[in-house]
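In my numbering, the protein residues as written are 101 to 296.
All C-beta atoms, glycine included, are put in the ideal place defined by N, C-alpha and C.
If you want it as structure tokens, here you go:
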């Protein structure tokens, strides 16, 4: 077991290690609704742009550009939101909003997956799905939509397979840890939402 872990970490670059560390910091801070989560998200995204591009996960690399921009937007939303004094509060979406979100994710995933199938993309449809769904879920986090945690659970489960297939073992481990943190995040946000 120790030899397996040593071999795994021997193949991990410093950039991937830092990206993972900052990604965990982002999620832990987001669970606590600490605005510093957006700084950690921004820095992690900058590192992951190059990591995913070199792993031929082009949609994931583009997603990181979006994450960097959303980190700025998320910071602003959480800081100012609807009410400049208290920022934005946790809220839930209607069934209609979820149907629209899921339909959009499905349609765009098929379109971008088909488009990327004409490149040397390693997994065009999975890459497209995780990217499109993560864009939607990130928007939900920035707007403090409670159900974002459910979307992330599905996205991260698929991402584990995707990253393992491209030898991004530490990143796959990160997303496995995310599954547990997502459950904690959902419970924490749910308690706060009920208290509003």
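{"Query": "Counting only beta-carbon separations shorter than 8 Å, does residue 211 have a partner in chain B?", "Result": "No chain B appears in the structure shown, which is made up of a single protein chain."}
{"Query": "Rounded to whole angstroms, what is the Cα-Cα separation between residue 193 and residue 247?", "Result": "8 Å"}
{"Query": "Is residue 148 near residue 216, with beta carbons less than 8 Å apart?", "Result": "no"}
{"Query": "For residue 117, tell me which candidate among 250, 281 and 272 has the shortest Cα-Cα distance.", "Result": "272"}
{"Query": "On the criterion of 16 or more Cβ atoms from any shown chain inside 10 Å, does residue 105 qualify as buried, or is it exposed?", "Result": "At residue 105, the pLDDT of 49 sits below 50, so the modelled position is not reliable; the number obtained from the coordinates is stated separately. The residue is exposed, with fewer than 16 neighbouring Cβ atoms inside 10 Å."}
{"Query": "Quick one: is residue 279 buried, meaning 16 or more other Cβ sit within 10 Å of its Cβ, or exposed?", "Result": "exposed"}
{"Query": "Under a three-way DSSP split, which group does residue 191 fall into?", "Result": "strand"}
{"Query": "For residue 115, which residues of its own chain have a beta-carbon under 8 Å away from its beta-carbon, when the five flanking residues on both sides are left out?", "Result": "147, 150 and 151"}
{"Query": "Taking just the CA atoms, how far does residue 172 sit from residue 166?", "Result": "10 Å"}
{"Query": "Using 10 angstroms around the beta-carbon of residue 256, count the other beta-carbons present and answer buried if the total reaches 16, otherwise exposed.", "Result": "buried"}
{"Query": "Determine, using beta-carbon pairs with one atom in the region 217 to 228 and one in the region 236 to 250, whether at least three such pairs fall under 8 Å.", "Result": "no"}
{"Query": "Please report the residue range of the alpha helix (DSSP H) in which residue 116 lies.", "Result": "114 to 131"}
{"Query": "Starting from residue 294, trace the alpha helix (DSSP H) both ways and give me its first and last residue.", "Result": "269 to 295"}
{"Query": "Is it buried or exposed, residue 251, if we count other Cβ atoms within 10 angstroms and call 16 or more buried?", "Result": "buried"}
{"Query": "What residue from 131, 261 and 201 has the CA that sits closest to residue 293's CA?", "Result": "131"}
{"Query": "For the alpha helix (DSSP H) that contains residue 162, what are its first and last residues?", "Result": "158 to 179"}
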